[in-house]
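Residue numbers (UniProt numbering), protein chains in the order written: chain A, 1 to 220; chain Z, 1 to 220.
2 protein chains.
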Amino acid sequence: MREALDRALNQLLEESLRMLSLVREMTQEATEALVQADRAKAQGVVAKDKEVDALELKVENQAIAVIARHQPVASDLRLIFTVIKALTDLERAGDYAMHVAEDALLLAQEPPLKRYVTLPEMGRRLTEMMDALAKAVAERDAALARRVLEMDDQVDGLYEEVTRELITYMMEDPRTITKALTLMRVARSYERLGDHLENIAERVIYWLTGEVYKAPEDVY
Amino acid sequence: MREALDRALNQLLEESLRMLSLVREMTQEATEALVQADRAKAQGVVAKDKEVDALELKVENQAIAVIARHQPVASDLRLIFTVIKALTDLERAGDYAMHVAEDALLLAQEPPLKRYVTLPEMGRRLTEMMDALAKAVAERDAALARRVLEMDDQVDGLYEEVTRELITYMMEDPRTITKALTLMRVARSYERLGDHLENIAERVIYWLTGEVYKAPEDVY
Numbered sequence: 001m002r003e004a005l006d007r008a009l010n011q012l013l014e015e016s017l018r019m020l021s022l023v024r025e026m027t028q029e030a031t032e033a034l035v036q037a038d039r040a041k042a043q044g045v046v047a048k049d050k051e052v053d054a055l056e057l058k059v060e061n062q063a064i065a066v067i068a069r070h071q072p073v074a075s076d077l078r079l080i081f082t083v084i085k086a087l088t089d090l091e092r093a094g095d096y097a098m099h100v101a102e103d104a105l106l107l108a109q110e111p112p113l114k115r116y117v118t119l120p121e122m123g124r125r126l127t128e129m130m131d132a133l134a135k136a137v138a139e140r141d142a143a144l145a146r147r148v149l150e151m152d153d154q155v156d157g158l159y160e161e162v163t164r165e166l167i168t169y170m171m172e173d174p175r176t177i178t179k180a181l182t183l184m185r186v187a188r189s190y191e192r193l194g195d196h197l198e199n200i201a202e203r204v205i206y207w208l209t210g211e212v213y214k215a216p217e218d219v220y
Numbered sequence: 001m002r003e004a005l006d007r008a009l010n011q012l013l014e015e016s017l018r019m020l021s022l023v024r025e026m027t028q029e030a031t032e033a034l035v036q037a038d039r040a041k042a043q044g045v046v047a048k049d050k051e052v053d054a055l056e057l058k059v060e061n062q063a064i065a066v067i068a069r070h071q072p073v074a075s076d077l078r079l080i081f082t083v084i085k086a087l088t089d090l091e092r093a094g095d096y097a098m099h100v101a102e103d104a105l106l107l108a109q110e111p112p113l114k115r116y117v118t119l120p121e122m123g124r125r126l127t128e129m130m131d132a133l134a135k136a137v138a139e140r141d142a143a144l145a146r147r148v149l150e151m152d153d154q155v156d157g158l159y160e161e162v163t164r165e166l167i168t169y170m171m172e173d174p175r176t177i178t179k180a181l182t183l184m185r186v187a188r189s190y191e192r193l194g195d196h197l198e199n200i201a202e203r204v205i206y207w208l209t210g211e212v213y214k215a216p217e218d219v220y
């Protein structure tokens with residue numbers, strides 16, 4: 001009975017990691033689509049979001065089946081709830097990667113406002129956060145999950161930087177306003193994606209240590 | 001046994017409705033703080049967000065206890081999962097009401113860009129959505145939950161309207177850019193708050209009818 005439950009729990013974790021790896025791919029490809037003005041790549045990201053949505057429902061139903069079949073005790077339930085909550089954040093993170101791709105499609109129609117430097121840097125940091133998060137889950141490493149929270153502070157810092165820069169552009173030349181607002185929205189999508197990864201990291205820390213960690217305050 | 005479980009499930013629903021009613025208060029007060037440039041009221045909203053956060057953890061732990069104690073079957077689990085997922089959305093909805101209050105604090109430091117009309121209208125529609133959602137849950141009324149989805153389309157329409165108007169301001173007079181961006185952020189907070197209510201309505205529909213309803217596409 002215990003063995004069957006452990007197998008079921010591991011399967012839940014594996015499916016969640018598969019979802020995380022899909023969102024990582026989406027984030028990387030959305031960033032490439034933005035930098036290279038690659039419309040086909042952007043469309044590929046939009047298509048992948050459907051897979052993420054389907055996985056969320058599938059894993060959630062598996063989680064319900066595990067509870068109904070195995071009647072797990074409180075500590076196992078805690079893991080299942082971690083998964084359930086993380087699924088929501090992963091699905092939203094996928095939405096934001098898709099939004100970056102959608103804006104990349106828009107932006108690809110015209111010459112860029114400038115060469116993008118800080119935005120792809122945000123994308124790169126986010127994929128690093130997802131690598132660290134996957135490793136933290138796979139190796140039950142709470143210290144690494146805490147590192148993810150620090151990495152998100154850096155993403156927030158880059159967000160502030162991009163926003164300030166874009167406001168300067170807008171003030172100097174109001175003709176750039178529409179394009180600058182789209183780029184601000186891209187920056188915000190990255191920033192929100194990071195917040196969802198931070199939520200997952202907080203959940204993972206709680207699962208591994210029982211410690212309630214709420215990040216002091218999100219940039220918004 | 002069944003009776004004790006029903007009592008426990010009803011208690012979960014009641015606590016969730018209490019959380020919803022807190023978020024409703026926060027939304028209304030944040031809107032009043034914005035319109036009246038009332039700093040004390042805005043600070044009150046920020047304080048209330050702590051209550052919402054505490055309620056989320058409390059109800060979530062109750063839900064885990066219900067599962068551990070009563071070992072509910074799949075259909076009861078479905079309700080518990082609805083609650084668990086709705087808690088996340090409610091907590092985020094509260095965050096957005098708080099963000100409106102924070103921006104109201106910022107905006108209260110200077111004379112307003114213009115008299116606010118569409119923004120308070122968004123706030124009013126959101127409180128109506130929350131009233132309908134509470135009634136839909138209390139009376140197990142799936143049709144009313146579907147109405148909430150339509151109401152969110154109206155909020156999205158108002159969001160587009162405010163955004164277009166603010167872009168016009170910015171283009172006509174670049175000195176308004178900073179203030180207009182803050183007002184855009186308020187509009188976005190309302191719009192995101194509506195999306196979280198929409199998520200909850202979708203969950204409620206699923207709980208009551210078993211029907212997976214995903215709103216076609218969120219404005220973002």
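Just so you know, even glycine gets a beta-carbon here, dropped at the ideal spot from N, CA and C.
Using a cut-off of 8 angstroms between C-beta atoms, extract the partners of residue i located in chain Z.
i	result
A:Arg78	Ile64
I'd like to check one pair, residue j with residue i: are the Cβ atoms closer than 8 angstroms?
i	j	result
A:Asp103	A:Arg175	no
Z:Tyr116	Z:Leu34	yes
Z:Glu51	Z:Leu87	no
residue 221 of chain Z	Z:Ser16	The first residue shown for chain Z is 1 and the last is 220, placing residue 221 of chain Z beyond what the model contains.
Z:Ile84	A:Ala74	no
Z:Asp53	Z:Leu9	no
A:Val155	A:Leu119	no
A:Met129	A:Asp152	yes
residue 242 of chain A	A:Tyr169	With chain A covering only 1 through 220, there is no way to say anything about residue 242 of chain A.
A:Trp207	A:Arg18	no
A:Leu149	A:Ala201	yes
A:Val46	A:Ala101	yes
A:Gln62	A:Leu12	yes
A:Ala145	A:Ala134	no
Comparing C-alpha positions only, which one of the options sits nearest to residue i?
i	options	result
A:Pro112	A:Trp207, A:Gly44, A:Arg125, A:Thr182	A:Thr182
Z:Ala93	Z:Glu211, Z:Tyr206, Z:Thr209, Z:Asn199	Z:Asn199
Z:Leu193	Z:Val117, Z:His99, Z:Phe81	Z:His99
Z:Met122	Z:Asp38, Z:Ser189, Z:Val45	Z:Ser189
A:Val204	A:Glu25, A:Phe81, A:Leu107	A:Phe81
Z:Leu126	Z:His196, Z:Met19, Z:Glu211, Z:Gln11	Z:His196
A:Arg164	Z:Glu172, Z:Asp152, Z:Gly157, Z:Thr178	Z:Thr178
Z:Gln28	Z:Lys48, Z:Leu12, Z:Leu13, Z:Asn61	Z:Lys48
A:Gly132	A:Leu20, A:Glu191, A:Leu106	Per the sequence shown, residue 132 of chain A should be read as Ala rather than Gly. Nearest C-alpha to A:Ala132: A:Leu20.
Z:Glu139	Z:Met26, Z:Glu14, Z:Asp53, Z:Glu172	Z:Glu14
A:Ala108	A:Leu166, A:Glu211, A:Ala40, A:Glu25	A:Ala40
Z:Glu91	Z:Asp173, Z:Arg7, Z:Met26	Z:Met26
Z:Thr209	Z:Ala4, Z:Asp38, Z:Glu32, Z:Ala143	Z:Ala143
A:Ala187	A:Glu211, A:Met171, A:Asp173, A:Gly157	A:Gly157
A:Ala180	A:Asp141, A:Arg147, A:Leu106, A:Val212	A:Leu106
Z:Arg124	Z:Asp141, Z:Ala37, Z:Glu32, Z:Met171	Z:Glu32
A:Leu5	A:Ala37, A:Gln36, A:Ala68, A:Asp173	A:Ala68
Run down chain A in chain order and give the residues with a C-beta less than 9 angstroms from the C-beta of residue i.
i	result
Z:Val73	Ala68
Quick one: list the residues of chain A neighbouring residue i, beta-carbon separation under 7 angstroms, in chain order.
i	result
Z:Thr88	Lys85, Thr88
Can you list the residues of chain Z that residue i reaches, using a CB-CB cut of under 9 angstroms?
i	result
A:Met170	Met170, Pro174, Ile177, Leu181
Residues of chain A with a CB under 8 angstroms from the CB of residue i: which are they?
i	result
Z:Ile167	Ile177, Thr178, Leu181
Quick check: is any heavy atom of the ligand HEM less than 7 angstroms from the C-beta of residue i?
i	result
Z:Lys41	Among the ligands in the structure shown, none appear at all, so the ligand HEM cannot be discussed.
*If contact means a Cβ-Cβ distance below 7 angstroms, which residues of the stretch 114–146 of chain Z contact chain A?*
none
*Where in the stretch 69–141 of chain A do unbroken runs of the alpha helix (DSSP H), each at least 4 residues long, occur, reported from the N-terminal end onward?*
74–107, 118–138
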